[in-house]
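*Asks:* Residue numbers (this note's numbering): 44 to 180.
Glycine included, C-beta positions come from ideal geometry on N, C-alpha and C.
Below is one structure. I have some questions about it.
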Ligand SMILES: [Zn+2]
């Protein structure tokens, strides 16, 4: 094989690598930092988490509180939750939200937005163009 062919082969191999592998953007949601006060929980780094998720706060809260099975509200930079919660539980709920409402099902990137049509919600990915109905409620 001459060098020219070899280069072409490399080029072709590179072209076959999916875009999301080429430009691997690491998406990491900050782990919750909590403070327990009179049997209630405060997620003190909530602002950082919601900024990473890049979703509407009310949308996130509606789903998150329902899954946590409690009441809560944003207080300044923090999220107040009625009751005591362990970090792992909260992290898992946030991850579940992220999988359903943030990460693209096709390319796994967070470059998405939620589009509403009647009662249906779709996750539109600006990275790969995919548009998938959000089924998880
Ligand atoms: Zn995508």
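What residue range does the alpha helix (DSSP H) around residue 95 cover?
*Replies:* The residue given as residue 95 occupies position 52 in the chain shown. Counting along the chain, the alpha helix (DSSP H) containing residue 95 begins and ends at 89 to 96.
*Asks:* Could you name each continuous beta strand (DSSP E) segment of 3 residues or more that falls completely within the segment 128 to 174, going from the start of the chain to the end?
*Replies:* Qualifying beta strand (DSSP E) stretches, in chain order: 155 to 160, 163 to 168.
*Asks:* Between 110, 123, 52, which has its C-alpha nearest residue 86's C-alpha?
*Replies:* Mapped onto the chain shown, residue 86 falls at position 43. Among 110, 123, 52, the Cα nearest to that of residue 86 is on 123.
*Asks:* Taking just the CA atoms, how far does residue 73 sit from residue 80?
*Replies:* Looking up residue 80 in the chain shown gives position 37. Looking up residue 73 in the chain shown gives position 30. Roughly 22 Å separates the two Cα atoms.
*Asks:* Give me the residue from 58, 115, 121 with the minimum Cα distance to residue 88.
*Replies:* Along the chain shown, one-based indexing puts residue 88 at 45. When only C-alpha atoms are compared, the closest one is 121.
*Asks:* What would DSSP say about residue 125, mapped onto helix, strand or coil?
*Replies:* In the chain shown, the residue the question calls residue 125 occupies position 82. Here residue 125 sits in strand by DSSP.
*Asks:* Counting C-beta neighbours from all protein chains within 10 Å, is the total for residue 140 16 or more, i.e. buried, or is it exposed?
*Replies:* Counting from 1 along the chain shown, the entry for residue 140 is found at position 97. Buried: at least 16 other Cβ atoms inside 10 Å.
*Asks:* Between which residues of its own chain and residue 178 is the CB-CB distance below 6 Å, once the five residues before and five after are set aside?
*Replies:* Counted from its first residue, the chain shown places residue 178 at position 135. Here the set comprises nothing.
*Asks:* Mind checking who residue 71 pairs with in its DSSP beta bridge?
*Replies:* Mapped onto the chain shown, residue 71 falls at position 28. DSSP output for residue 71 lists no bridge partner at all.
*Asks:* Suppose contacts are defined by Cβ-Cβ distances below 7 Å. Is residue 136 in contact with residue 107 by that definition?
*Replies:* Taking the first residue of the chain shown as position 1, residue 136 is located at position 93. Taking the first residue of the chain shown as position 1, residue 107 is located at position 64. Cβ atoms of residue 136 and residue 107: closer than 7 Å.
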